Structures are given as C-alpha cells and as structure tokens.
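Here is the structure we will look at.
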Amino acid sequence: MIAFEDLPAGRVVELGSTVVDRDEMVAFAARFDPQPFHLDEEAGKNSVLGGLCASGWYTMCLWMRAYADRVLAGSTSQGSPGGKDLLWPAPVFPGDKLDFSLEVLSARLSRSRPNLGLVEIRAQADRDGQPVLRSTFTGMFGTSAARS
Numbered sequence: 112m113i114a115f116e117d118l119p120a121g122r123v124v125e126l127g128s129t130v131v132d133r134d135e136m137v138a139f140a141a142r143f144d145p146q147p148f149h150l151d152e153e154a155g156k157n158s159v160l161g162g163l164c165a166s167g168w169y170t171m172c173l174w175m176r177a178y179a180d181r182v183l184a185g186s187t188s189q190g191s192p193g194g195k196d197l198l199w200p201a202p203v204f205p206g207d208k209l210d211f212s213l214e215v216l217s218a219r220l221s222r223s224r225p226n227l228g229l230v231e232i233r234a235q236a237d238r239d240g241q242p243v244l245r246s247t248f249t250g251m252f253g254t255s256a257a258r259s
C-alpha cells in the first residue's frame, strides 16, 4: 500500500501508456467539450490545431485513470485540495501513443493533521518524448502510522 512516506520529493513514477481511441475521444468531446475541432475532421483541419484533436480535459482524464490505477488504488490517498498550472503544450490526435508519469516535487506533513502528508505532484503526458499535458496538484496521503 502506497503511503505518504513512499512519495518523497524527487521520486518519478511511470504510470504506463495508452493509445488515443478516436471514437472514445469524440464521444467525450460530444458530452463535455463540444468544440468543432474535437468533433469533426474537417473543422479540425481548418483550425490552428491542424486536425481532429482531443479535448485537453480528455487528455487529463486519461492521465488521471493511469494515476488512479497505478498509485491511488490501494494507497492511503485522502483526495486532493486542488492544483495549478494546467498546460496543454501540444494537441493530441487519434492514434497517438501517450506515456504518463508523475514527479513528486515536494512532500511535507500536515501541520494540523500529523497523520496526513501533502504531496505536490507534477503530472505529465508525453507523445514521442514531447509533453502534451503538464499540471501540478497536491495529493493528500495518510502516513504509514495512519494505515496501521
């Protein structure tokens, strides 16, 4: 079980990869981010993005799923108070292979809850070594003592 002590500053965790599925990507956009370049090939080609592309929120959801599967499941996670600096530096297209990772930027014990640690995490998704998603957020994890 992953606890606060397992996430020291500097730790990098590879979260796996996925290939972007066109139908799933478009269905997500139709429901949550129905901008033309996320829904229609021609609209995508005529946009500054150069083709039908994923909603950034879809890309973030793909990262979140990998994080949930490889870190949060079976951890002492107590949620997150939020994040900052959400960036989508390049568009994501159907068929792209995305590699997901996280880096622990800092980790400290809560002043008010000694059995809780606050872990600042940089989320990243890359396509061919180039970032397509970056975000920073804080995760709250119980300490080893809290899981006993």
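Per my numbering, residue 112 is the first one in the sequence shown, and the count goes up by one each step. Cβ atoms here follow ideal geometry from the backbone N, Cα and C, with glycine treated the same way. Everything numeric in this text was worked out from a predicted model, so none of it was measured.
First through last residue of the beta strand (DSSP E) which encompasses residue i
i, result
"F211", "208–220"
"M251", "241–253"
"E116", "Premise fails: E116 is in no beta strand (DSSP E) and is neither H nor E."
"L227", "227–238"
Contacting residues, own chain, Cβ-Cβ under 6 Å from residue i (five flanking each side not counted)
i, result
"A154", "P147, F148"
"L198", "R245"
Residues near residue i in its chain [Cβ-Cβ closer than 7 Å; skip 5 each side]
i, result
"S128", "K208, L209, D210, F211"
"G190", "M251"
"E116", "T254, S255"
N-terminal and C-terminal residue of the alpha helix (DSSP H) that residue i is part of
i, result
"F204", "That residue, F204, is in no alpha helix (DSSP H); it is neither H nor E in DSSP."
Spatial distance of residue i from residue j (CA atoms)
i, j, result
"L227", "Q235", "25 Å"
"V159", "A201", "11 Å"
"S188", "F139", "27 Å"
"R222", "V215", "19 Å"
"L220", "G161", "46 Å"
"R176", "L183", "10 Å"
"A218", "D239", "30 Å"
"G206", "M112", "34 Å"
Proximity test, residue i beta-carbon vs the ligand MN heavy atom, cut-off 6 Å
i, result
"V243", "Looking for the ligand MN in the displayed structure turns up nothing, as the structure carries no ligands at all."
Own chain residues within Cβ distance below 8 Å of residue i, not counting five before or after
i, result
"T247", "G194, K195, D196, L216, E231, I232, R233, A234"
"A256", "N226"
CB contact below 7 Å: residue i versus chain B
i, result
"K195", "Here there is only one protein chain, and chain B is not present."
Margin query: In chain order, what are the residue ranges of uninterrupted alpha helix (DSSP H) at least 4 long that sit wholly in the stretch 119–180?
Written below: Within the stretch 119–180, the complete alpha helix (DSSP H) runs of at least 4 residues are 133–143, 147–150, 152–156, 167–178.
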